[in-house]
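Residues 94 to 560 in the numbering used here are what the sequence shown spells out, letter by letter.
Yeah, the Cβ is synthetic: ideal placement off N, Cα and C, and Gly gets one too.
These notes concern the structure reproduced below.
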Amino acid sequence: MVSRRTKWALGAAIVGAAAAAVASSVDQGSLARTLLPMRRPRHDLVGFGGDVEFLRSAVARHEFGTSAEERQAFDQVLTARPVRTIDELTLACCEALAVFDNAATTVLITRAHRLPLRFAWMRDSLVVAKAAPEYEHLAGQRVRLIAGGAPDVSWPLFARYVGGGTPAWLRNRSAWFFSVPEALRQVGLGVHGGVVALELEAVDGTISEVRLAATDQPMPGGPMADFRDRFPGDEGLGTRGWRTALLDPGESPEDGDQPSPLYLQHWDTLLRTSEVPLASGEGVALYLRLMGNPDGDDPDQEAIDEALALVEGGGYARYVVDVRYHSGGDYRASLPLVKAVSRMARAEHVPIKVLVGPNTIGGGLISASQYLAHAPERTTVLGNDVGDRLRSRAQGRTIVLPHSQLVVQLCHDWHDLGSEPSPWSDVWLPDKFLLQGIGEFRPDVDVQNSWQDYLAGRDRLLDEALA
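Printed below as a string of structure tokens:
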């Protein structure tokens, strides 16, 4: 019979172990910081200068895992940079937050005067992904020069505004800065009287030069959502009525236009499934595409349940999981799908092909990584490098600067996919019970879409997955 003293000792040990597990998840007090209420702006904060002071206060209260040197550098950037316009404010905030070397600590919704074009990187080129109606003939053209610089040479100039991530993420993020004349000017490229010269190449080899000024009104953007500019039909981020070089299913086809490939269809669907024949004709793959949106939403439970039913029905020759634009959200929403696909692939001895790219970040990167944890022998990763490192701070909360309405994301907890989490790891508490370390996560097969592939509606990643 167990004595009362033993029972008390056992109970105290259990409570102590639980307390240690919770305490170990706190990185420099971040659990307490998570529970702190957001501080309201003071009434005496006025204009862009007031936004700067509010940002200083919010960072001191809600950004964790930073060093004293980084906090000093953050203050120095805000002190040194003028903030007379919305463009200068946005760039100053981007540069100041970048010193924390964390991709998720960022201006989540930017605002700036931008050119009437939106750009996207392909393997070999910076491309006009979307154009305002009066410039729709430029959609799909390749940028040879912008503001006097070749994009493939000048994109690293913008690294000072982008914190953390991988080299692929830095290059990917430069597309936003190329659309902002003030950013071009600040890095020393040629902006004259607010006008930017571009040398463009059409698919037939025709080279032309256009000179463009920014729109009269500042327009939004965001590091976790700018990829949507290449999706036909998407009208987010102030681009209603703009055109891409491709068509979304349901649009009336016109001569010369190309339908969009599977991965760019249905921009408004966060989780999409499709049955696709293998290239050999011997069997069908289940294609599952997950993607993000500007609000960091997750697919609704009904969509997840429908996908789970398809997976658990079995009978597929392989599973193709496309997470190249899965840019955030709560990984706990998609983890059941990861486990179901992994379980069925192992039971039926079929492969899993995971398609990734620079926009595979945050919750998307976490979910994608777990295929290597649950079915490593069945999983092959295709694409180019993902956007973030395996150890990063990604549990965040957002603040809104009171005057400009810029949305800033600050972070308070670590994720570490590289090593196996233990009760004493300094990571977000759910990670200890839900995630497995994978060592590293990079493509087994390096394959990317070129400019010509994009215009032809071809997707080399899916072709490789189905081969």
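* Which of the three DSSP states, helix, strand or coil, is assigned to residue 215? -> coil
* Asked: Is the region 477 to 487 close to the region 450 to 460, with three or more CB pairs under 8 Å?
  -> In short, these stretches touch, since the Cβ pair count reaches three.
* Asked: residue 307 to residue 275, Cα distance in whole Å?
  -> For residue 307 and residue 275, the distance between alpha carbons rounds to 9 Å.
* Asked: Excluding the five sequence neighbours on either side, which residues of its own chain have a C-beta within less than 7 Å of the C-beta of residue 217, listed in chain order?
  -> Result list for residue 217: 543 and 544, in chain order.
* Which of helix, strand or coil does DSSP assign to residue 541? -> coil
* Counting only runs that start and end within the region 373 to 419, where is the alpha helix (DSSP H) found for 4 or more residues in a row? -> 394 to 406
* Cα-Cα separation between residue 518 and residue 531, rounded to whole angstroms -> Rounded to whole angstroms, residue 518 to residue 531 spans 15 Å at the Cα level.
* Asked: Between 210, 204 and 285, which lies nearest to residue 268 when the distance is taken from Cα to Cα?
  -> 210
* Asked: Closest by CA to residue 166, which one among 192, 154 and 443?
  -> Nearest option by C-alpha distance: 192.
* **Nearest neighbour of residue 204, chosen from 186, 440, 433 and 462 [CA to CA]** => 186
* Asked: Should the region 434 to 450 be called in touch with the region 410 to 421, which here means at least 3 C-beta pairs below 8 Å?
  -> yes
* Can you tell me where the beta strand (DSSP E) with residue 431 in it begins and where it stops? -> Residue 431 -> not in any beta strand (DSSP E); alpha helix (DSSP H) instead, spanning 424 to 441.
* Asked: Counting only runs that start and end within the region 225 to 306, where is the alpha helix (DSSP H) found for 4 or more residues in a row?
  -> 244 to 247, 260 to 271 and 274 to 279
* Asked: Whose CA, out of 390, 338, 239 and 272, lies closest to the CA of residue 420?
  -> 390
* Are the region 373 to 390 and the region 310 to 320 in contact at 8 Å, needing three or more beta carbon pairs? -> yes
* Asked: Using the rule of at least 16 other Cβ atoms within 10 Å of the residue's Cβ for burial, across every protein chain shown, is residue 370 buried or exposed?
  -> exposed
* **Check whether residue 288 and residue 304 have beta carbons under 7 Å apart** => Taking the C-beta atoms as reference points, residue 304 is found nearer than 7 Å to residue 288.
* **Best match in 230, 260, 279 and 448 for proximity to residue 302 [C-alpha to C-alpha]** => 230
* Buried or exposed (CB count within 10 angstroms, at least 16 for buried), residue 153 -> exposed
* Rounded to a whole number of angstroms, what is the C-alpha to C-alpha distance between residue 293 and residue 335? -> A straight-line Cα-Cα distance of about 19 Å links residue 293 and residue 335.
* Relative to the C-alpha of residue 239, which residue among 450, 184, 271 and 215 is closest? -> 271
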